[in-house]
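Visitor: Can you read through this structure? Questions will come right after.
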């Protein structure tokens, strides 16, 4: 095996990250910051240095590994000049270090409990790499994973470590609060960007310089690795902001309400928002967002918020649930209008509005920060959104169907003017 100088491989900016042995090693960075490449190099190096160690690589969705983590770990083996010592099976999504039988195993978070049954022929699974950790929607999901792996006793001189890498799409994500806002002796956090990547050529740098001039928000996240909002989001024109209604005319606003059902795996999502057509503004002012809610729980929450008499557009695929809510006093529950183009047409109409969100509506903030377009296209060649992080967004879209009936010239308390619930916010 030939000798390789690690600094020649990774360049500058990663010395502390490379040598960190704390329980959690958390790295946020922009595009071109070489965070995934350095992490892959480091983990291959460590596995070969510690012959009783094994690695579990996690992403939210299992089938995203092949072209991301699996590919970059293959690249790292070649970059280190050790590929002949590794057997990589893309069909089984597993890598084996031939001299010792150590394993790199790839899994999704689809069923965390199944991870408890993972076994390796040599040593223990003491290293975990969570790539694109922003895809893990809740801290509770992370905690389940963290309690499952790494696990077991490690030999003297060994250590357990979870490496977490991601792009910081939103400052409202649980990752910021958990790891960056509170100091911890067992955690080291790192932030990197393209400026520390000396391997970029001039054309790569020109992309970022152009972004800096034309799209400051995108540059802050994708370029500098700062907390914010990144590309690919379905809704980009939104901010977290409390509205001062003292200067508003209630007659210009109308409140709308949407409901998307969930239970075990998905949350039930209820959203309340107001629209001002004159200003082309949409303000999200209330929500609830919970799993394992029975229909009686949903009705109780709607009543407690004072919305029982409002028209609520709900998922039309659950007529039984809609009827249950009517019998429980939510009398104006109305099935959502669906069709072959309803998702994209609804998104298009909503995107015409400037969206503001009350700071208390954390579910909406989280979804707006992470609801993204996929690489898939429909039969018309249009990109479609990913079917995740979209429960409140679906409820928003259901209710927005009624916005077209709201007339700017409507008189106070008319059928299409501002609801009594929203009027109270101006008093």
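In the working numbering, the protein residues as written are 471 to 897. Note that beta-carbon positions come from the ideal geometry of N, C-alpha and C, so glycine has one too. Since we're looking at a predicted model, the values are computed, not measured.
1) Please return the same chain residues whose Cβ sits closer than 7 Å to the Cβ of residue 713, not counting the five positions on each side in sequence.
2) Do you know how far the Cα of residue 672 is from the Cα of residue 480?
3) Along the chain, where does the beta strand (DSSP E) containing residue 499 start, and where does it finish?
4) In chain order, which continuous runs of the alpha helix (DSSP H) of length 4 or greater are located wholly inside the region 515 to 587?
5) Alpha carbon to alpha carbon, what distance is there between residue 764 and residue 733?
6) Taking the DSSP output, what are the residues bridged to residue 659?
7) Can at least three beta-carbon pairs, one atom from the region 765 to 774 and one from the region 795 to 808, be found at a separation below 8 Å?
8) DSSP three-state label for residue 751, please.
9) By DSSP, does residue 644 sit in helix, in strand, or in coil?
10) Could you tell me which of 508, 838 and 538 sits nearest to residue 698, measuring between CA atoms?
11) Comparing C-alpha positions only, which one of 800, 740, 772 and 853 sits nearest to residue 834?
12) Determine whether the beta carbon atoms of residue 577 and residue 527 lie at a separation below 9 Å.
13) If we count Cβ pairs, one from each stretch, closer than 8 Å, do we get three or more for the region 545 to 563 versus the region 484 to 493?
14) Which of the three DSSP states is assigned to residue 707 in this structure?
15) Please work out which residues of its chain come closer than 7 Å, Cβ to Cβ, to residue 523, disregarding the five sequence neighbours upstream and downstream, and give them in chain order.
16) With a threshold of 6 Å on Cβ separation, who are the neighbours of residue 632 within its own chain once the five nearest residues in sequence on each side are excluded?
17) Taking a contact to mean a Cβ-Cβ separation below 9 Å, would you say residue 799 touches residue 774 in this structure?
18) With DSSP as the reference, identify every bridge partner of residue 805, one or two as the case may be.
19) Taking DSSP as the reference, what is the three-state secondary structure of residue 624?
20) So the alpha helix (DSSP H) residue 866 belongs to, where does it begin and stop?
21) Buried or exposed: which applies to residue 679, given that a residue is buried once 16 or more other Cβ atoms fall within 10 Å of its Cβ?
22) Given that a residue counts as buried once 16 or more other Cβ atoms are within 10 Å of its Cβ, and exposed if not, what is residue 547?
23) I'd like to confirm the pairing. Which residues does DSSP put opposite residue 723 in its beta bridges?
24) What's the gap between the Cα of residue 711 and the Cα of residue 623?
25) What is the DSSP secondary structure of residue 635, reduced to helix, strand or coil?
26) What does the Cβ neighbour count give for residue 750, buried or exposed, with the cut at 16 atoms within 10 Å?
27) Look at the alpha carbon of residue 840 and the alpha carbon of residue 569, and state the distance between them as a whole number of angstroms.
28) My understanding is that residue 855 touches residue 867, with C-beta atoms under 8 Å, so please give their C-beta distance in whole angstroms.
29) Using a Cβ-Cβ cut-off of 8 Å (strictly less than) and excluding sequence neighbours within five positions of residue 789, which residues of its own chain qualify?
30) Which two residues bound the contiguous beta strand (DSSP E) that contains residue 676?
31) Can you check DSSP and say which residues form a bridge with residue 490?
32) Between which two residues does the alpha helix (DSSP H) harbouring residue 482 extend?
33) So what's residue 509 in DSSP terms, helix, strand or just coil?
34) When you compare only the Cα positions, how much space is there between residue 884 and residue 718?
35) Is any beta-carbon of chain C found at less than 9 Å from that of residue 657?
36) Skipping 5 residues on each side, what residues in its chain have a beta carbon closer than 6 Å to that of residue 508?
Guide: This is what the structure holds:
1) Locating residue 713 in the chain shown gives position 243, counting from the first residue. Only 753 and 826 meet the Cβ criterion.
2) For the purposes of this step, residue 480 is identified with residue 10 of the chain shown, where counting begins at 1. For the purposes of this step, residue 672 is identified with residue 202 of the chain shown, where counting begins at 1. Taking the CA atoms as reference points, residue 480 sits about 19 Å from residue 672.
3) For the purposes of this step, residue 499 is taken as the residue at position 29 of the chain shown. Note, residue 499: beta strand (DSSP E), 494 to 499.
4) The alpha helix (DSSP H) runs lying completely inside the region 515 to 587 and spanning 4 residues or more are 539 to 549, given in chain order.
5) One-based indexing of the chain shown puts residue 733 at position 263. One-based indexing of the chain shown puts residue 764 at position 294. Going from the Cα of residue 733 to the Cα of residue 764 covers about 8 Å.
6) If you number the chain shown from 1, residue 659 lands on position 189. According to DSSP, residue 659 bridges with 496.
7) Yes, the region 765 to 774 is in contact with the region 795 to 808.
8) The residue labelled residue 751 in the question sits at position 281 within the chain shown. Taken through DSSP and simplified to helix, strand or coil, residue 751 comes out as strand.
9) By one-based count along the chain shown, residue 644 stands at place 174. It is helical.
10) Residue 698 sits at position 228 when you count from the first residue of the chain shown. Of 508, 838 and 538, the residue nearest in Cα terms is 838.
11) Against the chain shown, residue 834 aligns to sequence position 364. Cα-wise, what sits closest to residue 834 is 740.
12) In the chain shown, residue 577 corresponds to position 107, counting from 1. In the chain shown, residue 527 corresponds to position 57, counting from 1. Yes, these two residues count as a Cβ contact at 9 Å.
13) Touching, no, given that fewer than three Cβ pairs across the two stretches are closer than 8 Å.
14) Within the chain shown, the letter at position 237 stands for residue 707. The three-state secondary structure of residue 707, taken from DSSP, is coil.
15) Here residue 523 refers to the residue found at position 53 when the chain shown is read from its first residue. Closer than 7 Å at the Cβ level, and outside the excluded window around residue 523, lie 516, 517, 572, 593, 596, 597 and 628.
16) Taking the first residue of the chain shown as 1, we reach residue 632 at position 162. The answer, listed in chain order, is 494 and 598.
17) Within the chain shown, the letter at position 329 stands for residue 799. Within the chain shown, the letter at position 304 stands for residue 774. In this structure, residue 774 does not lie closer than 9 Å to residue 799 by Cβ.
18) Position 335 of the chain shown, counted from the start, is the residue given in the question as residue 805. For residue 805, which the question treats as bridged, DSSP gives the partners 784.
19) Within the chain shown, residue 624 is the residue found at index 154, counting from 1. Coil, per DSSP.
20) Within the chain shown, the letter at position 396 stands for residue 866. Counting along the chain, the alpha helix (DSSP H) containing residue 866 begins and ends at 861 to 870.
21) As a working note, residue 679 is residue 209 in the chain shown. Result: exposed.
22) Against the chain shown, residue 547 aligns to sequence position 77. Of the other Cβ atoms in all chains shown, 16 or more fall within 10 Å of the Cβ of residue 547; this residue is therefore buried.
23) Locating residue 723 in the chain shown gives position 253, counting from the first residue. The partner list for residue 723 (beta bridge, DSSP) reads 746.
24) Sequence index remark: in the chain shown, residue 711 carries index 241 (1-based). Sequence index remark: in the chain shown, residue 623 carries index 153 (1-based). Going from the Cα of residue 711 to the Cα of residue 623 covers about 48 Å.
25) Residue mapping note: residue 635 aligns to position 165 of the chain shown, counting from 1. When DSSP states are grouped into helix, strand and coil, residue 635 belongs to the strand group.
26) For the purposes of this step, residue 750 is identified with residue 280 of the chain shown, where counting begins at 1. Exposed.
27) Taking the chain shown and counting its residues from 1, one reaches residue 840 at position 370. Taking the chain shown and counting its residues from 1, one reaches residue 569 at position 99. Whole-angstrom Cα-Cα distance: 42 Å.
28) As a first step, residue 855 is located in the chain shown; it is residue number 385 there, counting from the start. As a first step, residue 867 is located in the chain shown; it is residue number 397 there, counting from the start. Contact doesn't hold; Cβ gap of about 10 Å is too wide.
29) What you label residue 789 is simply residue 319 of the chain shown in a count that begins at 1. Result list for residue 789: 805, in chain order.
30) Here residue 676 refers to the residue found at position 206 of the chain shown. Going by DSSP, residue 676 is part of no beta strand (DSSP E) but of the alpha helix (DSSP H) stretching over 672 to 684.
31) As a working note, residue 490 is residue 20 in the chain shown. Under the DSSP definition of a beta bridge, residue 490 lacks any partner.
32) Against the chain shown, residue 482 aligns to sequence position 12. No alpha helix (DSSP H) contains residue 482, which DSSP labels as neither H nor E.
33) Translated into positions along the chain shown, residue 509 becomes position 39. It is helical.
34) Locating residue 884 in the chain shown gives position 414, counting from the first residue. Locating residue 718 in the chain shown gives position 248, counting from the first residue. Only weak support exists for where residue 884 lies, its pLDDT of 38 falling under 50; the coordinates are left without a value.
35) Chain labels in this structure do not include chain C; a single protein chain is all it has.
36) Numbered from 1 along the chain shown, position 38 holds the residue referred to as residue 508. So the qualifying residues of the chain are 480 and 484.
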